[in-house]
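Peer 1:
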Amino acid sequence: MFTPQGPTLPELIVQALSSVERGYDLLAPKFDHTPFRTPDRFLDATRDALAPLGPFAAGLDVCCGTGAGVGVLRGLCTQRITGVDFSAGMLREAAARFGGGPGPEPGWVRADARDLPFREEFDLAVSFGAFGHFLPSERPELFASIHRSLRPGGLLAFPLGAPPSPRTPLHWMLRGFDAVMRVRNLVRRPAFVMYYRTWPLGPVRADLVRAGFTVELLPLEAFGRRPDGSPHWRLVLARRAA
Ligand SMILES: C[S@@+](CC[C@H](N)C(=O)[O-])C[C@H]1O[C@@H](n2cnc3c(N)ncnc32)[C@H](O)[C@@H]1O
Numbered sequence: 049m050f051t052p053q054g055p056t057l058p059e060l061i062v063q064a065l066s067s068v069e070r071g072y073d074l075l076a077p078k079f080d081h082t083p084f085r086t087p088d089r090f091l092d093a094t095r096d097a098l099a100p101l102g103p104f105a106a107g108l109d110v111c112c113g114t115g116a117g118v119g120v121l122r123g124l125c126t127q128r129i130t131g132v133d134f135s136a137g138m139l140r141e142a143a144a145r146f147g148g149g150p151g152p153e154p155g156w157v158r159a160d161a162r163d164l165p166f167r168e169e170f171d172l173a174v175s176f177g178a179f180g181h182f183l184p185s186e187r188p189e190l191f192a193s194i195h196r197s198l199r200p201g202g203l204l205a206f207p208l209g210a211p212p213s214p215r216t217p218l219h220w221m222l223r224g225f226d227a228v229m230r231v232r233n234l235v236r237r238p239a240f241v242m243y244y245r246t247w248p249l250g251p252v253r254a255d256l257v258r259a260g261f262t263v264e265l266l267p268l269e270a271f272g273r274r275p276d277g278s279p280h281w282r283l284v285l286a287r288r289a290a
């Protein structure tokens, strides 16, 4: 799962015992060698699905980390690209990777996604691999913050996976991970909020609608379909009213 350039087990343990922000500061230099960086096939599928809806003038990558989503925005946005994250370490790594290159030069902003310092500035916001860091009770604050950052008519897009069947090892692995995190957060402060099973489609969609978005779902066909015919992965398209 981890390459030799990735973090060692002791490093991962120290990171997991820190706060989310501090944990990512520590992990940042090796983050791209971990499975936590969103794999390119998700980025490519998202870019391909969004391309017919663009081009967009200004794009925001929420919880950008080392800039996985910024690469997607580069192919879709013509004027301005911004990555926002609360880990200074991750932003440093992102800035080092994205100097020069095609499209608008990305800007990097350190801020909490639940309280973004933007007002009606972006036409497109994307986010990858980070929503497990937000408890269900934090979704209204998070979605309101992104909604405020978008211009009227602006679009929030993020991939969302269907829960794996209880008959698969992945289901039990994710359940086990979440259980360990819950115990860790009961006995240790600051909490490290990261859960895999707290963002089911129904409640996420309802929270988006409550925040003022209209929601559409696009199947990401590159990831195939489940035995019942539903897609393994969807792109959630949440639009702020024009
Ligand atoms: C698993 S990484 C994903 C990074 C990148 N989006 C990717 O797909 O590779 C999660 C990122 O979310 C950031 N993050 C978590 N909670 C945050 C918050 N409340 N505000 C801003 N950034 C946050 C972390 O610092 C980290 O960089």
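The opening position of the sequence shown corresponds to residue 49 in our numbering, with each subsequent residue numbered one higher.
Beta carbons: idealized from backbone N, C-alpha and C, even for Gly.
For clarity, every value in this text was computed on a predicted model and none was experimentally measured.
Grab me the residues of Thr114's own chain with a C-beta within less than 8 Å of its C-beta, minus the 5 sequence neighbours each way, in chain order.
Peer 2: Ala76, Phe79, Asp80, Arg85, Met138, Glu141, Ala142, Arg145
Peer 1: Specify, as a first and last residue, the run of the beta strand (DSSP E) that Gln63 falls within.
Peer 2: Taken as a continuous stretch (DSSP letters only), Gln63 belongs to no beta strand (DSSP E), being part of the alpha helix (DSSP H) at 57-64.
Peer 1: Verify the contact flag: Thr51, CB atom, against every heavy atom of ligand 1, threshold strictly below 8 Å.
Peer 2: no
Peer 1: For Gly155, tell me which candidate among Phe179, Glu189, Gly117 has the shortest Cα-Cα distance.
Peer 2: Comparing Cα-Cα distances from Gly155 to each of Phe179, Glu189, Gly117, the minimum goes to Gly117.
Peer 1: Just to confirm my understanding: we take Asp160, look at its own chain, exclude 5 residues before and 5 after, and list those with CB closer than 6 Å. What are they?
Peer 2: Phe134
Peer 1: Evaluate the contact criterion for the region 204-217 versus the region 172-181: three or more CB pairs, one atom per stretch, below 8 Å.
Peer 2: yes
Peer 1: Please identify the residue among Leu65, Glu153, Ala192 whose C-alpha is closest to the C-alpha of Ala286.
Peer 2: Ala192
Peer 1: For ligand 1, any of its heavy atoms closer than 8 Å to the Cβ of Val132?
Peer 2: yes
Peer 1: What does DSSP give as the partner residues of Ile194 in its beta bridges?
Peer 2: BP columns for Ile194 are empty, so no partner.
Peer 1: Nearest to Val241 by CA position, among Pro58, Gly54, Arg70, Cys125, is which residue?
Peer 2: Arg70
Peer 1: Could you tell me the alpha carbon to alpha carbon distance between Thr56 and Pro200, rounded to whole angstroms?
Peer 2: So the two alpha carbons sit approximately 45 Å from each other.
Peer 1: Report yes or no: is there a C-beta of chain D within less than 9 Å of the C-beta of Leu198?
Peer 2: In the structure shown, chain D cannot be found, because there is only a single protein chain.
Peer 1: Is the beta carbon of Glu69 within less than 8 Å of some heavy atom of ligand 1?
Peer 2: At least one heavy atom of ligand 1 is nearer than 8 Å to the Cβ of Glu69, so yes.
Peer 1: Can the beta-carbon of Pro279 be found closer than 9 Å to that of Arg288?
Peer 2: no
Peer 1: What residues in its chain sit with their C-beta under 8 Å from that of Ala178, if we drop five residues either side in the sequence?
Peer 2: Val110, Cys111, Gly113, Ala161
Peer 1: Here's the rule: buried if 16 or more other CB atoms are within 10 angstroms of the residue's CB, otherwise exposed. What is Ile129?
Peer 2: Result: buried.
Peer 1: Determine the DSSP secondary structure at Trp156, reduced to helix, strand or coil.
Peer 2: strand
Peer 1: Tell me the start and end of each unbroken alpha helix (DSSP H) in the region 75-130 that is at least 4 residues and wholly inside, in chain order.
Peer 2: 88-98, 116-122
Peer 1: With a threshold of 16 other CB atoms inside 10 Å of the CB of Asp73, please say whether the residue is buried or exposed.
Peer 2: buried
Peer 1: Look at the Cβ atom of His181, then the Cβ atom of Val263, and state whether they are nearer than 9 Å.
Peer 2: No, they are not a contact pair.
Peer 1: Give me the residue from Pro83, Arg282, Leu91 with the minimum Cα distance to Gly209.
Peer 2: Arg282
Peer 1: Return the first residue and the last residue of the alpha helix (DSSP H) that Asp171 is part of.
Peer 2: Where Asp171 is concerned, there is no enclosing alpha helix (DSSP H), although the beta strand (DSSP E) it sits in stretches over 170-175.
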